[in-house]
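Colleague: Starting off with a structure, shown below.
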Amino acid sequence: MANVNNNIDSDEELKATILASLDLIDYPSYTKIKNTNYSYSTSANKEIIIDKMKRGWSQQKYRNAGKTKKPYHLPLTKKTKSRLEKMAQVQGLSETAMLDILINRFYEMEYVDVNGKDLY
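Here you go:
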């Protein structure tokens with residue numbers, strides 16, 4: 289892992305730093321009751337911050353996933369389209385995902401040798 293500000297040298301240190309930072313969100317409320325038995329509960333503010341982080345990460349993954357896909361228009365006969373719809377429904381996939389699986393499986397069977405190298 290790249291050294292961030294010359295302080296963090298590993299993924300484990302980065303994870304610990306992030307978790308400690310999240311714990312500091314509740315620090316002021318903790319110091320007020322430090323002399324009592326403290327049971328940890330997450331504040332509403334912390335929940336909002338964590339939720340925003342999750343949504344941001346989800347959005348980033350969605351954006352990155354779209355970079356490897358390119359839209360295509362493939363005219364299919366009605367019979368073929370119907371079969372594709374049925375196959376996708378049975379498998380619980382989108383038609384695009386089903387078509388992707390079918391093409392890749394057939395390619396592996398017919399166009400790749402036993403060592404995994406392309407034949408053509």
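Sequential numbering from 289 applies to the sequence shown in the numbering used here. Built from N, CA and C at the ideal position, the CB exists for glycine as well.
So Y399 and D406 are supposed to be a Cβ contact under 8 Å. How far apart are they, rounded?
Modeller: What you label residue 399 is simply residue 111 of the sequence shown in a count that begins at 1. What you label residue 406 is simply residue 118 of the sequence shown in a count that begins at 1. That belief holds up - the Cβ atoms of Y399 and D406 are roughly 6 Å apart, short of 8 Å.
Colleague: Could you tell me if M386 is buried or exposed, where buried requires 16 or more neighbouring beta carbons within 10 angstroms of its beta carbon?
Modeller: Here residue 386 is taken as the residue at index 98 of the sequence shown, counted from 1. The residue in question, M386, is buried, as its Cβ has 16 or more Cβ neighbours within 10 Å.
Colleague: Given a cut-off of 8 Å, decide if D314 and K334 are closer than it, judged by their beta-carbon atoms.
Modeller: One-based indexing of the sequence shown puts residue 334 at position 46. One-based indexing of the sequence shown puts residue 314 at position 26. Cβ distance < 8 Å, so K334 and D314 count as in contact.
Colleague: Mapping DSSP to helix, strand and coil, what is N291?
Modeller: Translated into the one-based positions of the sequence shown, residue 291 becomes position 3. In this predicted model, N291 has a pLDDT of only 49, less than 50, meaning its place in the structure is not dependable enough to derive any value.
Colleague: Which same chain residues, not among the five before or five after I391, have their C-beta less than 7 Å away from its C-beta?
Modeller: As a position in the sequence shown, residue 391 is number 103, starting the count at 1. Excluding residues within five positions, none has a Cβ falling inside 7 Å.
Colleague: Short of 7 Å in beta carbon distance, which residues of its chain neighbour Q379, apart from the five on each side in sequence? Order them along the chain.
Modeller: If you number the sequence shown from 1, residue 379 lands on position 91. Excluding positions up to five away in sequence, the list reads M386.
Colleague: Looking at S370: is its Cβ nearer than 8 Å to the Cβ of A376?
Modeller: For the purposes of this step, residue 370 is taken as the residue at position 82 of the sequence shown. For the purposes of this step, residue 376 is taken as the residue at position 88 of the sequence shown. No, Cβ-Cβ distance for S370 and A376 is not below 8 Å.
Colleague: So, at 8 Å on beta carbons, what are the nonlocal neighbours of L364 in its own chain, with the 5 sequence-adjacent residues on each side left out?
Modeller: The sequence position of residue 364 within the sequence shown is 76, counting from 1. If we look at L364 and ignore the five residues flanking it on each side, its Cβ neighbours are L372.
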